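Quick note: the sequence shown uses the working numbering, first residue 84, plus one each step.
No residue lacks a Cβ here, since even glycine has one placed at the ideal position from N, Cα and C.
A quick note: this is a predicted structure, and the numbers were derived from the prediction, not measured.
Input: a single structure, listed below in structure tokens.
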Amino acid sequence: MDFVCVKNDLVFGVKLSSYALGTRSSMPILSGLKMEIEGDRLRLYATDLERAVRCEITIDNQVGDEAVVLNGAVLSQIAAHLPEDERITLKTDAENGTVVKLRCGEASFDLPTLPVEDYPEVPSLPQTKIASLKVKNFHQGLDQTAFATLKAAETTRLSLTGVDVVLKSASLKMVATNGYRLAMKTVGVNEVFEEGEYLIDASVLTDLDRVLSQVEGETVDLYKGEGQLFFQSDGVTFMARTIAEEFPDFERVIPKENPISLVFDRRAFLETMQRIEITAAEESGAVTLRVANEESATRINSADKVKGEAEERVRLKKVPQGEIEVSFKAEYLIDALKRMHSEETVLWLSSSEKAGLIEPSGEKIAPEDEGFLYVCMPVRLGG
84 MDFVCVKNDL VFGVKLSSYA LGTRSSMPIL SGLKMEIEGD RLRLYATDLE RAVRCEITID
144 NQVGDEAVVL NGAVLSQIAA HLPEDERITL KTDAENGTVV KLRCGEASFD LPTLPVEDYP
204 EVPSLPQTKI ASLKVKNFHQ GLDQTAFATL KAAETTRLSL TGVDVVLKSA SLKMVATNGY
264 RLAMKTVGVN EVFEEGEYLI DASVLTDLDR VLSQVEGETV DLYKGEGQLF FQSDGVTFMA
324 RTIAEEFPDF ERVIPKENPI SLVFDRRAFL ETMQRIEITA AEESGAVTLR VANEESATRI
384 NSADKVKGEA EERVRLKKVP QGEIEVSFKA EYLIDALKRM HSEETVLWLS SSEKAGLIEP
444 SGEKIAPEDE GFLYVCMPVR LGG
């Protein structure tokens, strides 16, 4: 291996690839970043077997086609700190073929290689293109759903760690739940060539979102593989392994009849919830909302034997028809309100024992909130 490249090009390729490095894997080879030369193109690969990134940069190839594997984290740190406006040379040591020499300006590094034959094969982009959508739509969908999942360490049910991606007609629906709350976002797509449903770990999709934020492409194309979903934008390919579990029937848990509507100024409601959460009970984290029939405000309170108690009135945009007292985990309501952009939001309720439904409201719903809804189960307080 012997090539020269522009520093910014290498930084770009290494940074994108690093989102798929298996730094915590028991397989040392997955901490490696594979570099493969073909003509004047350098392909960079990284994978932890759950996700993979493939990208290319232009180089000045000095010899012939070759492949090496270097420690990805080390190479990423080196590339980011090399002198600006300098060209980088990478060359296999003539005397020791297991070392690659990196030179940039006055800086030099001797980097040990990993066995290229041990590197797992990264799946190629399939032929079956199933959809195309705007990158900003994907980002909005993920931002308003992934937060509702559980971390892998919190559950043995993999379906609760994933975001369900549903392609149907002219839309893409993203849904996530932890069993006590559910977030759903429907976004428009440019094209749907094949309908389908794919469950993908939220952390994997978050890494995909980071990759897409680095590329210049405005659209992302989706391809279906065997137990995998591929995303391609601006020449960069991201592979996500799908979860082989059935996602809960989310349509069944969305409340259909909610006679009581509480319409709030979203910012005022959010700030009140953040204050009242301070004295919420440690175990439940619950706050209680009380509304009297035809009253123009909601009383929100919380109490804890150690922290004390708090109460605040929040004015309603509309006078509700009906009265109710219901408790929710404050964190769950705050999470949804923080990710909304509209001036008004509505909390639909039917009883103290049934789920509440949050949606954007008003005549000026923010474009970022179109197609968003959030379901939250109430908390039952003892005594």
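DSSP, reduced to helix, strand and coil, places Phe411 within a strand of the structure shown. Separation of Thr228 and Glu274 (C-alpha to C-alpha, rounded to the nearest whole angstrom) is 22 Å.
Apart from sequence neighbours up to five positions away, the residues of its chain that approach Leu282 with a beta-carbon distance below 7 Å are Ser242, Gly245, Asp247, Thr325, Ile326, Glu328, Phe330, ordered along the chain. Distance from the Cα of Ala150 is smallest, within the candidate group Met84, Glu426, Ser254, Leu288, for Met84. Taking C-alpha positions only, Gly180 is separated from Pro195 by approximately 9 Å. For Gln297, the enclosing alpha helix (DSSP H) begins and ends at 285 to 297. Within the segment 332 to 417, the alpha helix (DSSP H) runs of at least 4 residues that lie entirely inside it are, in chain order, 333 to 336, 349 to 359. Looking at the DSSP output, Pro443 sits in a beta bridge with Thr428. Annotated three-state conformation of Phe221 is helix, per DSSP. Separation of Ser191 and His424 (C-alpha to C-alpha, rounded to the nearest whole angstrom) is 49 Å. Apart from the 5 residues on each side of it in sequence, Asp201 sits with its Cβ closer than 6 Å to the Cβ of Ile112 in its chain, given in chain order. With distances taken between CA atoms, Arg349 lies nearest to Glu427 out of Pro203, Ile448, Glu427, Ala156.
Inter-segment contact for the segment 287 to 297 and the segment 97 to 107 is present: three or more beta-carbon pairs are separated by less than 8 Å. Assigned with DSSP and collapsed to three states, Thr302 falls in strand. Where Phe313 is concerned, the enclosing beta strand (DSSP E) starts and stops at 311 to 316. The Cβ atoms of Leu464 and Ala375 do not sit closer than 9 Å to each other.
The beta strand (DSSP E) runs lying completely inside the segment 132 to 180 and spanning 3 residues or more are 134 to 141, 150 to 154, 170 to 175, given in chain order.
The beta carbon of Phe321 sits closer than 6 Å to those of Val136, Leu291, Val294, Phe314, all from its chain and outside the five residues before and after it, given in chain order.
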